[in-house]
Amino acid sequence: MPGGTTESTYDDPTGWPAVALFSVAGMAHGLAVSPGSGADQCHSTGTYYLNHICSSYYTGKFWGLDDAPDDGDGSLPAPAGLTVTGTTGTGASLSWSAVNGAASYAVYRDGTRPAPRRSDVHRHRPERGHRLPLHGRRDRLLRRRGGC
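Just so we're on the same page, my numbering is the position in the sequence shown counted from 1, plus 478.
As structure tokens, then:
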């Protein structure tokens with residue numbers, strides 16, 4: 479993270495990230511912005527709009543709202559050991575083996591990422607697995623996301 483910024487995440491009772499806290503070293507009280515036209519820049523500075531990072535950008539990324547495909551550069555293999563368990567009429571639980579160098583994973587349904595419901599939004603990690611809601615279709619294909 480730029481500008482001396484650290485990210486801390488806090489999980490809900492089931493172990494999924496529910497809150498992200500971005501701390502900017504030395505920042506006064508105000509809304510963090512990063513003036514410019516880049517993807518990770520926003521707004522302009524002013525009273526209580528402080529030039530550090532675009533807080534809206536990183537918050538949106540945390541919740542998976544960036545909509546940008548992140549398939550990395552193709553140098554990492556797909557995860558191995560994909561297992562489907564806990565199948566019910568409304569969902570299935572997925573787990574897989576971690577890929578060295580992958581920062582997170584994206585679960586795809588029939589080749590596309592399903593639009594998540596608010597309760598489904600989280601970062602997919604092999605140690606936590608993923609609960610995938612089913613809507614009468616076969617769920618297949620797990621892709622790794624690029625490294626940090």
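Ideal Cβ placement from N, Cα and C applies to all residues, glycine included.
The model shown is predicted, which means the values in this text are computed figures rather than measured ones.
If you look at Ser533, you'll find it in the alpha helix (DSSP H) that goes Ser533 to Phe540.
With contact defined as three or more Cβ pairs closer than 8 Å, the stretch 518-531 and the stretch 561-568 are not in contact.
Between the C-alpha atoms of Ala498 and Ser486 there is a straight-line separation of about 6 Å. Between Ala510 and Leu528, the CB-CB gap stays under 8 Å. Around the beta carbon of His530, 16 or more other beta carbons sit within 10 angstroms, so the residue counts as buried. Out of Ala556, Pro495 and Ser533, the CA that lies nearest to the CA of Pro480 is found in Ser533. By the beta-carbon neighbour count (other beta carbons within 10 angstroms, threshold 16), Ser501 is exposed.
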